[in-house]
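Going by the working numbering, the first residue of the sequence shown is number 29, and it counts up by one from there. Everything below concerns the one structure shown next.
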Amino acid sequence: MNQIIGLCFGLLFLALPSFAQQYLLSDKELEQTQIYRNLDEALANPEFVYILDLRSQGITKLPKEISKLYKLQRLYLQNNNLYKLPASVAKLENLQLLQLEKNQLTDIPKIVGKLANLEELRLRYNSIKDISKYLGKLTKLRVLDLRDNQIKRLPETLGQLEKLEELQLGYNSIQRLPKSMGELQSLYFLDLSGNPLYQIPMDLYRNEKITHLNLGYCQALHPVFVAEWACYLPALEELHWEGCNFEKLSEKERFEVPKLKRLYLSQSRGAKLPSFFLRLGQLEELELDEGQFKTLDFSQAKLPSLQRLSLKKGLLEELPQNIEVLKSLKNLNLEENAILAFSADFAQLSALQTLSLQKNKIERIPNNLDQLVNLRLLELQGNPIKELPSCLGNMPQLSGLYLNNTEIPLEDIQALKELLPYTVIQY
């Protein structure tokens, strides 16, 4: 009888790790657990280790004993000097998050494919050239970050990641995407920026769930193709298209993206902005930083929802013409251009809250600026302004006014400070 009881206890003891592997703590439950930051301490208490944070510890090799951490769900290893992972990592069956950014890995080993519960894998800033086909076995994977590596090819098994929602491939050497990527039906966030891509799988081309697409600096993709692709993504809300060549786009191009809210076109080439970019009814943010145009006209713009417009570090010699049509604009950044002045019509931007005009060539401020009743922040530093308009004294709602490196007399600034005691004025 005693032998039977002993055998039962022995079997129960052997089954404990397996039982633990069947039960995963929720995010809320994980918040209540201790975060271990010392590997030796963690190995001494394997039954209590759910989160292990070993980032920035100069680690060059993981011991095979790490497999003892059978309850481990989150493993942070970023900013170390790891060249490879031990085979014993495959025994961390509960692992859901694995962060390996900023290491020295040259491939994704097949053992990673055995981490059946893995949901998030981050490998940015390594030297990865090859990706194992076994990556496709991570059927629970939701986030895969492979940015800033040396990847040239992706395995066809990538299409087996049926739960993948976020795929970041920016700044590699990828020329073609596997056809299977069109099967990623859960994908909504796709970053392909900085790759020499010249071909996109047709099924991916018509993905109905993608809301965020980054094609910045994909110079091998013709701008006409990118514009057309955006039109075939009905859920698209955010498009990064930095480095776009406007000169290859005609005014007749179709660019109808009804749900687009954020459009980033910084460092684009061409002296003229195609007008179809100014006919996006739901657009809320538009970035045109470091552009090559000297003038910009909003007279034909249909941007009723636009709240943020950034045109910093450009070649503008004057304020955008007819900018007052942007009735919903709250944030306008025009810093580091060559703007000489702005017209009185500018004060019609009644919704404006922040205005950045630092480092231009402005000498005079119009005396109706107090019509901007919602303006909270006004940045004028680095301009050759010689005098302040009296209207500024009627703007108690200003929380910040920046006048550094201007030519305004000190006594004028002191007088303004008395009129605006609750405004932070820097000079």
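In this text, a Cβ means the ideal position worked out from N, Cα and C, and glycines have one as well.
Pair within 7 Å by beta-carbon distance, lysine 138 and serine 155: Numbered from 1 along the sequence shown, position 110 holds the residue referred to as residue 138. Numbered from 1 along the sequence shown, position 127 holds the residue referred to as residue 155. Not a contact, by the Cβ cut-off of 7 Å.
Collapsed DSSP secondary structure at glutamate 315 in the structure displayed: Within the sequence shown, numbered from 1, the residue matching residue 315 stands at position 287. If DSSP states are grouped into helix, strand and coil, glutamate 315 belongs with the strands.
Whole-Å CB distance - leucine 416 paired with isoleucine 436, under 8 Å assumed: Taking the sequence shown and counting its residues from 1, the one referred to as residue 416 is at position 388. Taking the sequence shown and counting its residues from 1, the one referred to as residue 436 is at position 408. Between isoleucine 436 and leucine 416 the Cβ distance is about 6 Å, and since that is below 8 Å, they are a contact.
Collapsed DSSP secondary structure at aspartate 219 in the structure displayed: As a working mapping, residue 219 is identified with position 191 in the sequence shown. Note: aspartate 219 maps to strand in three-state DSSP.
Backbone CA spacing between valine 252 and glutamate 281 [nearest angstrom]: Along the sequence shown, one-based indexing puts residue 252 at 224. Along the sequence shown, one-based indexing puts residue 281 at 253. Valine 252 and glutamate 281: Cα-Cα distance of roughly 7 Å.
Touch test, the stretch 237-248 against the stretch 265-281, Cβ-Cβ under 8 Å, three pairs minimum: yes
Euclidean distance between Cα positions of isoleucine 441 and glutamine 399: Taking the first residue of the sequence shown as position 1, residue 441 is located at position 413. Taking the first residue of the sequence shown as position 1, residue 399 is located at position 371. Computed Cα separation, rounded: 21 Å.
Spatial distance of lysine 112 from aspartate 317 (CA atoms): Translated into positions along the sequence shown, residue 112 becomes position 84. Translated into positions along the sequence shown, residue 317 becomes position 289. Distance between the alpha carbons of lysine 112 and aspartate 317: 41 Å.
Coarse secondary structure for valine 171, derived from DSSP in three states: One-based indexing of the sequence shown puts residue 171 at position 143. Strand.
Beta-carbon proximity check, glutamine 360 vs leucine 344, cutoff 7 Å: Counted from its first residue, the sequence shown places residue 360 at position 332. Counted from its first residue, the sequence shown places residue 344 at position 316. The question names glutamine, yet the displayed sequence has leucine at residue 360. No.
Nearest-angstrom Cα separation, counted from glutamine 425 out to serine 378: By 1-based counting over the sequence shown, the position of residue 378 is 350. By 1-based counting over the sequence shown, the position of residue 425 is 397. Going from the Cα of serine 378 to the Cα of glutamine 425 covers about 13 Å.
Valine 77 beta carbon less than 7 Å from that of leucine 465: The first residue shown for the chain is 29 and the last is 455, placing residue 465 beyond what the model contains.
Residue environment, threonine 167, which counts as buried when at least 16 other CB atoms sit within 10 Å: Taking the sequence shown and counting its residues from 1, one reaches residue 167 at position 139. Answer is exposed; the Cβ neighbour count stays below 16.
Residues near histidine 67 in its chain [Cβ-Cβ closer than 7 Å; skip 5 each side]: Here residue 67 refers to the residue found at position 39 of the sequence shown. Checking the sequence, you will find leucine at residue 67 rather than histidine. Excluding sequence neighbours, leucine 67 sits near Leu82.
Span of the beta strand (DSSP E), counted from its first residue to its last, around glutamate 194: For this step, residue 194 is matched to residue 166 along the sequence shown. Per DSSP, glutamate 194 belongs to the beta strand (DSSP E) from 194-196.
Beta-carbon separation (whole angstroms), glutamate 407 vs leucine 385, contact threshold 8 Å: Within the sequence shown, residue 407 is the residue found at index 379, counting from 1. Within the sequence shown, residue 385 is the residue found at index 357, counting from 1. Their Cβ separation, rounded to whole angstroms, is 6 Å, which keeps glutamate 407 and leucine 385 in contact under 8 Å.
Candidates Leu146, Gly198, Gly410 and Leu197, of which the one nearest arginine 102 by Cα: Counting from one through the sequence shown, the residue named residue 102 turns up at place 74. It is Leu146.
Chain-order list of residues whose beta-carbon lies under 6 Å from that of lysine 276 (same chain, five-residue window excluded): Taking the sequence shown and counting its residues from 1, one reaches residue 276 at position 248. So the qualifying residues of the chain are Pro251.
Residue from Ala72, Ile87, Gly86 and Tyr104 whose Cα sits closest to the Cα of lysine 96: Counted from its first residue, the sequence shown places residue 96 at position 68. Among Ala72, Ile87, Gly86 and Tyr104, the Cα nearest to that of lysine 96 belongs to Ala72.
Assigned exposure category for glutamine 60 - 16 Cβ within 10 Å defines buried: For this step, residue 60 is matched to residue 32 along the sequence shown. By the neighbour-count rule (16 or more Cβ atoms within 10 Å), glutamine 60 is not buried but exposed.
Where the beta strand (DSSP E) through tyrosine 292 begins and ends: Sequence index remark: in the sequence shown, residue 292 carries index 264 (1-based). Where tyrosine 292 is concerned, the enclosing beta strand (DSSP E) stretches over 290-292.
Where valine 140 falls: helix, strand or coil (DSSP): Along the sequence shown, one-based indexing puts residue 140 at 112. Helix.
Cα-Cα separation between phenylalanine 305 and glutamine 227, rounded to whole angstroms: Indexing the sequence shown from 1 puts residue 305 at position 277. Indexing the sequence shown from 1 puts residue 227 at position 199. Those two C-alpha atoms are separated by around 24 Å.
Reduced DSSP category for serine 95 - H, G, I as helix; E, B as strand; rest coil: Taking the sequence shown and counting its residues from 1, the one referred to as residue 95 is at position 67. In this structure, serine 95 counts as helix in the three-state DSSP scheme.
Alpha carbon of leucine 380 to alpha carbon of lysine 340, nearest angstrom: Counting from 1 along the sequence shown, the entry for residue 380 is found at position 352. Counting from 1 along the sequence shown, the entry for residue 340 is found at position 312. One C-alpha to the other measures close to 17 Å.
C-alpha gap between lysine 237 and proline 229, whole angstroms: Mapped onto the sequence shown, residue 237 falls at position 209. Mapped onto the sequence shown, residue 229 falls at position 201. Their Cα atoms are separated by approximately 15 Å.
Contact check, serine 427 vs arginine 404, beta carbons under 7 Å: The count along the sequence shown starts at 1 and reaches residue 427 at position 399. The count along the sequence shown starts at 1 and reaches residue 404 at position 376. Against a cut-off of 7 Å, the Cβ pair of arginine 404 and serine 427 comes out as a contact.
Proximity below 7 Å, CB of glutamate 184 to CB of tyrosine 153: Looking up residue 184 in the sequence shown gives position 156. Looking up residue 153 in the sequence shown gives position 125. Not closer than 7 Å, so no.
Status (buried if at least 16 other CB within 10 Å, exposed otherwise) for threonine 434: The sequence position of residue 434 within the sequence shown is 406, counting from 1. That one is buried.
For leucine 293 and tyrosine 450, the rounded distance between their alpha carbons: Along the sequence shown, one-based indexing puts residue 450 at 422. Along the sequence shown, one-based indexing puts residue 293 at 265. For tyrosine 450 and leucine 293, the distance between alpha carbons rounds to 37 Å.
One or two residues paired with glutamate 346 in a DSSP bridge: For the purposes of this step, residue 346 is taken as residue 318 along the sequence shown, with counting starting at 1. The partner list for glutamate 346 (beta bridge, DSSP) is empty, contrary to what the question assumes.
Within 7 Å, strictly: CB atoms of serine 333 and glutamate 313: By 1-based counting over the sequence shown, the position of residue 333 is 305. By 1-based counting over the sequence shown, the position of residue 313 is 285. Contact flag unset, no.
Spatial distance of alanine 43 from proline 114 (CA atoms): Your numbering for residue 43 matches position 15 in the sequence shown. Your numbering for residue 114 matches position 86 in the sequence shown. Unreliable positioning characterises alanine 43 in this predicted model, as indicated by a pLDDT of 44, which lies under 50. A coordinate reading is not provided.
Proximity to proline 74 [Cα-Cα], best of Asp55, Leu58 and Ile94: Numbered from 1 along the sequence shown, position 46 holds the residue referred to as residue 74. Closest option to proline 74, Cα to Cα, is Ile94.
Short Cβ contact (7 Å threshold) for asparagine 422 with glutamine 454: In the sequence shown, the residue the question calls residue 422 occupies position 394. In the sequence shown, the residue the question calls residue 454 occupies position 426. Result no, Cβ atoms of asparagine 422 and glutamine 454 do not sit closer than 7 Å.
Inter-residue Cα distance where the pair is alanine 48 and leucine 354: The sequence position of residue 48 within the sequence shown is 20, counting from 1. The sequence position of residue 354 within the sequence shown is 326, counting from 1. Its pLDDT being 49, under 50, alanine 48 is placed unreliably in this model, and the coordinates cannot settle the point.
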